[in-house]
Amino acid sequence: MKSRKKLICLAVAASLVMGAAFTGCTATNNEADLKQTVAVVNISKVDAFKEEFGEEYKAVITDKVFYKSDLMTAYSNGNYQYQQDSYDVIFEGLKDSLVSGAVTTQYATVYMLKSMGDGALSEYLALPTEAKKYEYILGGEDSADVKRVVYSLQSMLNSVLDSAERRYIEDEDEDDEYSGSGTRSTPTGIDSTVDDYVPEGYGVYTGYEGYLLSDIQTAVDNEDYEPLDGTTKVTRQKAYASFLKSLESNYVLTEEDSKTTDIWKLSYVQETYVSQLQSAIVSQFNDKIKEEQEGKIGKEEDGSYSYVEKQYDDLLGGQSKEFGASTFESTMGTLSDTKFILYSPSTKQGENDTENRTFGYVYNILLPFSKAQEAQLKTLQNARDSEIYSEAQYFIERNKLLKNIQTTDQRAAWFNGEKDYSFNVKEYNEERADKIAYFDNGVAGRDYLFFKNNLADTLKDDETKQYKPLEKYTGLYTYNGKVKKNSEGSYTLIPNKLDIDGMMDEFEAYINYVLGGGTHVTYNRNDNYYAYKESDYTEGATKKVDYSTLVYGSGKVNFTDGSRENMFLAESDRYKAMSAVNELQYAYTTDTGVLSQYIGYSVSAYETNYIKEFEYAAQEAVKEGAGAFKICAGDYGWHIIYVTETFDISGELANGGSEVYKPQFTAERVEQEGTFENRFYNWIKDSHLAKEVTLKNNTVLKEYNTDKAVKVYKDAYKNIGK
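Each residue of the sequence shown is one higher than the one before, starting from 119 at the first, in the numbering used here.
Dropping the structure here:
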């Protein structure tokens, strides 16, 4: 059974281990001790409340009482954060955190209720329970916000019951089941769902009437809940009983609770539901603050974005003053969705300097020497270092090893690792398989892809948008080899072996496939590469190495739209090609460090710390612009170097540098997802609005977190841990 990412509520997860956590902190650890009052919060007692909301809204606020058990739960949820502090400091901080949260929640509740207009207060007060009242503020039980809360809690309960049920499932073949090992980096965002996704018909599975497995819709198109292998009504009912036992041991199970099989009626579950509804109201309150502020930074009546343009100009001006070659090079390593580089310094060293130097980023697909070849290479290096071989002779002998390098698909761990990410695409959707997956022109056996959830929308060709697509990763490159699934769950893999020419055939073919077919890749190979003589590696009397002789091949992906402003535009050829090459990195490179980089390794226009062969080839490729690639030799093997971005001079500024972008902050560009303008605007917006939300919440705490609103009983927790 493939594991899946679950949404866990820490409060309930902690309740399963709370007893152990309590034992280490308090000597008494009994029900009466844990029910001591720590703090009481009621912001309606503050004078500012009446001034802001009016006397009538005081009825909305009731005392929020925190008990010693609440402090213990908070400690259990995050004790790893406090190892360096004394218990006095820890629990004083936890108390402050709980109180601040309650103040914010009470304020957000009244604020949102008042914003609903006349009549809302009386309707709210007439509702019978806390849950119904909070549901009302969120838009009612059928609103998207409430449905998300319900789904979150149901998913958490299933996860907790799964953990308990594993102890009761007896599988005769359990000892023979395959437990994976081995790892390989995976793209960011695996199995991540869209923010507002809520499935239809989801429910909790306890094994009792109304909570049977058949009551949870697990259609192939959905699969929001995947039961454990070997689950039965009996094992699930045992898991439910274990869950009740954990609640009882932590004094949160009432006598009435112990008699019900309706998990949704458990007082602890309802309290957790109310708590999550409150959190949703705080989120809605924060969103409202953002909405009120967004107009100040968004499109103005004349269609301009003056606030964003000013932020852009300020950042550009600051970078133009800050960036020299060295500071720019260090800044390149910080490029991200929230760290933009708008200015590139001049690479000219003087009036007579005409050399074309360019900064940029590259992907690196490293095809390594085998263990036996590494041993041979070490012998060659010893011969060079002892001057038995000249540098030129060393390169000639190394080329003989390079010629015999054979690489294979490196994604075995995605089959046989700790988690199985693979699936047979033809079995999953035979009708569409050949339309959306790369099979190397139908070669038998290449049937497996990875990350089905993130590809589901493409594979199903429907309107469902449950999972987020992976960024900079196409996902349609099938495992290059034969795959056989074994009875115990492991896979037997027979990868196809590729030399450098076979690898470049794959490289060209897959990029052409992703770009819609036809020929988009221009590639020239040095057919005389292995016939070099010693003299071919020297240059003039200085015997300086000519690293151009170590470049095996060069090429370019020809974009219909190669502008850097659109490099993250999903429909652009440039983005598609970059995504295809990135996927080939995941499939073949043994240089796994590049897999964690935003758009690859940064390449300086000057001397680097890379090996000289790589430095030369990467810098030459960068000069040719995005989409250029080169294959070069090195002491680690073959390097396939692909340029993702460059900082060539496109528009000289007065101080000799260049503005990287020439943005047009129009509604069309700002609203088109993936454009530079869209990404920059979203960064400015998110940053600005986050500050406004923080400012508003801090103001609320300053005005309402006072002695009038908060009563603290320090004696209730002063001896914890002593």
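Glycine is no exception: its CB is placed at the ideal position from the N, C-alpha and C atoms.
Query                                                                                                                                                         : Result
From E173 to K408, what distance separates their C-alpha atoms?                                                                                               : 27 Å
When you compare the stretch 640-658 with the stretch 495-506, are there three or more beta-carbon pairs, one atom per stretch, that lie closer than 8 Å?     : no
Under the three-state reduction of DSSP, which class applies to V721: helix, strand or coil?                                                                  : strand
Tell me where the alpha helix (DSSP H) around Y507 begins and ends.                                                                                           : From DSSP, Y507 is part of no alpha helix (DSSP H); its letter is neither H nor E.
Is L484 near T707, with beta carbons less than 8 Å apart?                                                                                                     : yes
Output the distance between the C-alpha atoms of F569 and D342, rounded to the nearest integer angstrom.                                                      : 15 Å
What span of residues does the alpha helix (DSSP H) with I407 cover, start to end?                                                                            : 385-412
By how many angstroms is the C-alpha of A827 removed from the C-alpha of V816?                                                                                : Per the sequence shown, residue 816 should be read as Asn rather than Val. Cα-Cα distance, rounded: 16 Å.
Tell me the DSSP secondary structure of G321 in three-state form.                                                                                             : coil
Tell me, please, which residues DSSP counts as bridged to K182.                                                                                               : V159
Determine the direct distance from the alpha carbon of D206 to that of K836, and round the result to whole angstroms.                                         : 7 Å
Determine the DSSP secondary structure at T311, reduced to helix, strand or coil.                                                                             : strand
Terminal residues of the continuous alpha helix (DSSP H) containing F209?                                                                                     : 205-233
Using CA atoms only, rank isn't needed, just tell me which of G257, L216, I308 is closest to N571.                                                            : I308
Run through DSSP, which three-state label would E515 get?                                                                                                     : helix
Just mark N148 as buried or exposed, buried being the case when its beta carbon has 16 or more other beta carbons within 10 Å.                                : exposed
Buried or exposed: which applies to S422, given that a residue is buried once 16 or more other Cβ atoms fall within 10 Å of its Cβ?                           : exposed
Given 8 Å as the limit, is there contact between the stretch 433-445 and the stretch 681-696, that is, 3 or more CB pairs closer than that?                   : no
Quick one: give me the first and last residue of the beta strand (DSSP E) that I758 is part of.                                                               : 755-765
Going by C-alpha to C-alpha distance, which of H757, S303, E410 sits closest to S233?                                                                         : E410
Within 10 angstroms of its Cβ, does A698 collect 16 or more other Cβ (buried), or is it exposed?                                                              : buried
Output yes or no for whether 8 Å exceeds the beta carbon distance between E791 and F783.                                                                      : no
Let's test the definition: count the other Cβ atoms within 10 Å of the Cβ of E290 and tell me whether it reaches 16, buried, or not, exposed.                 : Annotation note: pLDDT 41 at E290 (below 50); position unreliable, coordinate value reported separately. Result: exposed.
Would you list the one or two residues that DSSP bridges to K829?                                                                                             : V158
Taking only the alpha-carbon atoms, compute the straight-line gap between L362 and L433 and give it to the nearest angstrom.                                  : 57 Å
Does DSSP put V601 in a helix, a strand or coil?                                                                                                              : strand
Assuming A249 contacts V159 (C-beta within less than 8 Å), just tell me the rounded distance between them.                                                    : That pair is no contact at about 20 Å.
Use the C-beta contact count for I506: other C-beta atoms within 10 angstroms, 16 or more gives buried, fewer gives exposed.                                  : exposed
Return the bridge partner residues of T102 from the DSSP annotation.                                                                                          : The shown model of the chain, from 119 to 840, leaves out residue 102, and the question about it has no answer.
In terms of DSSP beta bridges, what is I612 paired with?                                                                                                      : K600
Give me the DSSP bridge partner(s) of N542.                                                                                                                   : Y566
Applying the criterion that 16 or more other CB atoms from any shown protein chain within 10 Å of the CB defines a buried residue, is K87 buried or exposed?  : Since the first and last residues shown for the chain are 119 and 840, residue 87 lies out of range.
Which residues in the same chain have their Cβ closer than 8 Å to the Cβ of D188, if we skip the five residues on either side of it in sequence?              : V156, L216
Applying the criterion that 16 or more other CB atoms from any shown protein chain within 10 Å of the CB defines a buried residue, is P587 buried or exposed? : buried
What's the C-alpha gap between A357 and V278?                                                                                                                 : 9 Å
Taking the DSSP output, what are the residues bridged to P486?                                                                                                : G755
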